[in-house]
Amino acid sequence: MIRAYRNHPYHGRSPLPQTVVAGWLGITQAQLSRVENGPPLVHLDRLTHWATLLKIPESQLWFSLPSRTPTNRTQQIAVDLLAGAPQGIGLSGGSPTTLKATAHEGGGTTDRRQFTALAALAGFGGNSLFDALMLADRKAEVVGMEHVRLASSLVERFRQADAALGADELCDVAMGVHTRLSTWAARSQYSPGLGEALQSALADLANQVAWLAIDGERRQQARPYLNDAITRARIADDPREEVRALACLSLLVREDHPSESLHCAEAALRASRGWATARLRTLLRLRTAHAYAQLNDVGGFDREMTKARHEFDHGPHEDDLPFLQFVTAQELTGIQGLSYLALGRPARAAESFRAISSGPRAGHRRNQVYYTVRLAEAEYRCGDIHSAAQTGLRALPEVRAISSGRTMRHFAQVKSRLDRERSASAREFVDAHGRAFQR
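Count along the sequence shown from 1, then add 30; that gives the number in the working numbering.
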């Protein structure tokens, strides 16, 4: 629309400059260029951002601008989602491509208790989403903007809790929320204008559930959600969510199928060409670099890692997607360390992980703990049994405090390896591990 206006014959033979039109709208030329040349805006948060920035009257919008406090309707939907959601997702026959809800296994008390604890720790309560659980309304036949806004809000809160605590306890809750919202979307009515935003929000939620399944060490359950995210992203014409799903798929299959992981990362790079921000390009280059390392291609790893650091140096951008918050200097160093482990260079890996452990505490606590555990693994592979045991002891209380199956798997591997050693420090760690995790 903006390009058509600038090139309208009314303005003469030459199109109006972007700087002129941007000045009329009260935005910068760079912002106008992103709107004109970027992919369609279907994310509700981006639509809201631009509607607010351009001061478009709410009466002219097909969606409502969010208020500072949740409406009763939004609270009712939150109640229905979390109070009525199933406890888990059942999967049959290996790696299915469809999602299927299972019957309840007992009452919902345990899930509710777990979610209450996680909600309090992650700050959910401050937004009244959990308080709204007492206001269920299960007869809604029309999907409205409240559902879209709630899906986006819940994804952000799942993301916050995951960064702080890990995914184990969140995974079932997130799967239940996805099932509930997807069922509403399939059975209810909504306007054509709402459809793309709804599908995009559900793709965002499916991507988040897939990541929670990966971190919760439930990898077989992740792929159906990524398939769902890609399908919904294409329905919504939302390349951002499709690229995110491809990046997550690259992570999922990297250990078992590194060639497929590389293809997924390269496909994401192609799909994001022309609109990706520097942070997104950083993530995709990291995915590619790690895949090359799994393939033992040192040249490919070095090349992509250099590109990732170059992109990261461009800094954050206002159009960065929310999930990119974890792409920090710590993450670059961590992926570099993991890649060195894959390349059989544990000493270089230990240097990278040690830089993370000795550096400032980042906001992503689970990632910090994960890389500390991998440091113990790298030190053991270097033959430094004492340092590996001491690192394991230092990580022990942190590992107990989070809920990440992926981190626990690697920590159990460290314990298993040190259990073979007879040094005093190794025995001290093994005994402490046994006391900490005894049933």
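Using N, Cα and C, we set each Cβ at its ideal position, and we do this for glycine too.
By the neighbour-count criterion, in which a residue is buried when 16 or more other Cβ atoms sit within 10 angstroms of its Cβ, Glu361 is buried.
Around Val185, the same chain offers Asp234, Leu235, Gln238 as residues with beta carbons nearer than 7 Å, after the five sequence neighbours per side are excluded. The beta carbon of Leu211 is closer than 7 Å to those of Leu111, His177, Ala181, Leu232, Leu235 in its chain, skipping five residues each way along the sequence. With fewer than 16 other Cβ atoms inside 10 Å of its own Cβ, Val328 counts as exposed.
DSSP, read as helix, strand or coil, puts Ile432 in coil.
Contact between the segment 440-452 and the segment 396-411 is present: 3 or more CB-CB pairs across the two stretches fall below 8 Å. With respect to the 8 Å criterion, Phe353 and Arg274 are classified as neighbours on the basis of their beta carbons.
In this structure, DSSP gives Arg309 a helical state, which the three-state scheme calls helix.
Sorting Ala379, Arg249, Ala52, Ser230 by C-alpha distance to the C-alpha of Asp258 places Ser230 at the top. Check the Cα spacing between Asp267 and each of Leu281, His293, Ser302: the tightest is with Ser302. Burial state of Asp449 is exposed, judged by a 10 Å Cβ sphere holding fewer than 16 other Cβ atoms. Cβ-Cβ separation between Ser434 and Gly206: approximately 20 Å, too far for a contact (criterion under 8 Å). In the three-state DSSP reduction, Asp461 falls in the helix class (H, G or I). Comparing alpha-carbon positions, the option among Ser382, Trp214, Glu66 lying closest to Ala406 turns out to be Ser382. Take the alpha-carbon of Glu334 and the one of Val460: they are about 38 Å apart.
With distances taken between CA atoms, Val444 lies nearest to Asp414 out of Ala431, Pro390, Asp414. Close CB contacts of Ile244 within its chain, under the 8 Å cut and outside five residues either way in sequence, are with Ala197, Ala252, Cys278, Leu281, Leu282, Arg436 (chain order). 8 Å or more divides the Cβ of His340 from the Cβ of Arg309. DSSP places Ser63 in the uninterrupted alpha helix (DSSP H) bounded by 59-67. Shown here, His347 sits in coil according to DSSP, grouped into three states, outside any helix or strand. Exclusion of the five residues before and after Cys294 leaves Leu276, Leu279, Ser280 as the residues of its chain whose Cβ lies within less than 6 Å of its Cβ.
The beta carbon of Cys201 sits closer than 7 Å to the beta carbons of Leu242, Ala243, Gly246, Arg248 from its chain, once the five residues preceding and following it are set aside; these are given in chain order. The distance from the Cβ of Leu423 to that of Glu458 is about 7 Å, consistent with a contact at the 8 Å cut-off. By the Cβ-count criterion, Ser291 is buried, with 16 or more other Cβ atoms from all chains shown falling within 10 Å of its own Cβ.
In this structure, the straight-line span from the alpha carbon of Arg315 to that of Ala454 is close to 42 Å.
By the Cβ neighbour-count rule, Arg217 is exposed, with fewer than 16 other Cβ atoms within 10 Å of its own. Taking a 10 Å sphere around the C-beta of Ala377, we find fewer than 16 other C-beta atoms and assign the residue as exposed. Taken through DSSP and simplified to helix, strand or coil, Asp414 comes out as coil.
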